[in-house]
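K.L.:
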Amino acid sequence: MTTSVPGGVTQAQPAPRPQPASTTRQYIRYLFYKARPSWHALAPEARNAARTELLNALEPFTRTLAVLRAYSTLGTRGDADVLLWMVTETLEDFQDLQAAVLRTAMGAHLDTPYSYLAMTRRSQYIDRHEHTDGSEGEGRRTRVKPTGRKYLFVYPMVKKRPWYRLGYEERQRAMDEHIRVGHEFPRVKINTSYSFGLDDQEFVVAFETDYPADFLDLVEKLRGGDASAYTERETPIFTCVAGSIAEVFELIG
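Position 217, counted from 1, in the sequence shown is what numbering that gives the first Met the number 0 calls 216; the numbers after and before it change by one each time, with no gaps.
1. If we require 3 or more residues per run, which beta strand (DSSP E) segments fall completely within the segment 166-240?
2. Count the other CB atoms, across all protein chains shown, that sit within 10 Å of the CB of ASN190; report buried if there are 16 or more and exposed otherwise.
3. If you run the structure through DSSP and keep just helix, strand and coil, what is ILE265?
4. Inspect the beta-carbon positions of GLY23 and THR141 and report whether they are closer than 7 Å.
5. Could you tell me which residues DSSP puts in a beta bridge with LEU254?
6. Leaving out five residues on either side along the sequence, give the residues of the same chain with a beta carbon under 8 Å from the beta carbon of THR230.
7. Mind checking whether ARG28 and LEU101 have CB atoms under 7 Å apart?
8. Return the chain-ordered list of same chain residues with a C-beta closer than 8 Å to the C-beta of ALA49, the five sequence neighbours on each side being excluded.
9. Would GLY166 be called buried (16 or more neighbouring beta carbons within 10 Å of its own) or exposed?
10. Assign GLY252 to buried or exposed, taking buried as 16 or more other Cβ atoms, counted over all protein chains shown, within 10 Å of its Cβ.
11. Let me know the beta strand (DSSP E) ranges lying completely inside the segment 16-70, each 3 residues or longer, listed in chain order.
12. May I ask you to report which of helix, strand or coil DSSP gives ALA117?
13. Between the alpha carbons of SER37 and PHE248, how many angstroms are there, rounded?
As structure tokens, this is what we get:
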């Protein structure tokens, strides 16, 4: 943008930094860390000091991010130790957090084997559905509201291209069935986010529950639905156990 000043001189004005959209859609990142063998080669005193430095670096983000939740995948995955579930309205916040981690001594010993970036969006398939308890359906939200349940199951998903060539009514019918099955498992809450053009997958889904068996039964039942036939990929799947940030990094050793 330019403006004119007395004397006819035109001066360039700095472009304003984009502000969060009025729709309050949010960015979501599921960031996985894995400790390198070099971490375990350090003396216990050095690990304790480095871990404390990392926790201090993460502490400000517990206030600035809309959501910062920690989970352990130790014992459930061999290729990841920690998940940070992060939500913000400003994409640069994710850069700031990762830079803060990398500046710490512990950050030098952490790999990021998986990272999934997505956004919230209102689902086009939920208008016909109401929750029996009168609560707001997951697909109507553009803001993430974690429940605080103990277990989180996360995976990226890609649909087959023929899915997008189906007519809307045919897709709606398949999703109606999909949603009805989900309502049979009220102790499992789904968080669906969208990655088209942002990352390699098309969706990232995260299920919160205190009852892993409910999630297992839900996924098995969904396999028989029409919508499932159009799934190209929904792996890897991560089984995550909630904890404080300090607790999940302490578990690494």
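Backbone N, C-alpha and C define an ideal beta-carbon position, used for all residues, glycine too.
P.N.:
Straight from the coordinates:
1. Every beta strand (DSSP E) stretch that sits fully inside the segment 166-240 and reaches 3 residues is listed by chain position as 187-193, 202-208, 230-232.
2. Buried, because 16 or more other Cβ atoms sit within 10 Å of the Cβ of ASN190.
3. Lying before the first or after the last residue shown, residue 265 is absent from the chain, which here runs from 0 to 252.
4. According to the sequence displayed, residue 23 carries Thr and not Gly. Yes. Within cutoff.
5. Summary: the structure shown does not reach residue 254, with the chain confined to residues 0 through 252, and so no result is reported for it.
6. Excluding the 5 residues flanking it on each side, THR230 has same chain C-beta neighbours closer than 8 Å at MET156, VAL157, LYS158, LYS159, in chain order.
7. A distance of 7 Å or more separates the beta carbons of ARG28 and LEU101.
8. Correct list, in chain order: LEU41, THR103, ALA104, MET105, HIS108.
9. Result: exposed.
10. It is exposed - the Cβ of GLY252 has fewer than 16 other Cβ atoms within 10 Å.
11. Annotation: the segment 16-70 contains the following complete segments of the beta strand (DSSP E) (minimum length 3 residues), in chain order: 26-34.
12. Three-state DSSP puts ALA117 in a strand.
13. Each residue's Cα considered, the two are about 15 Å apart.
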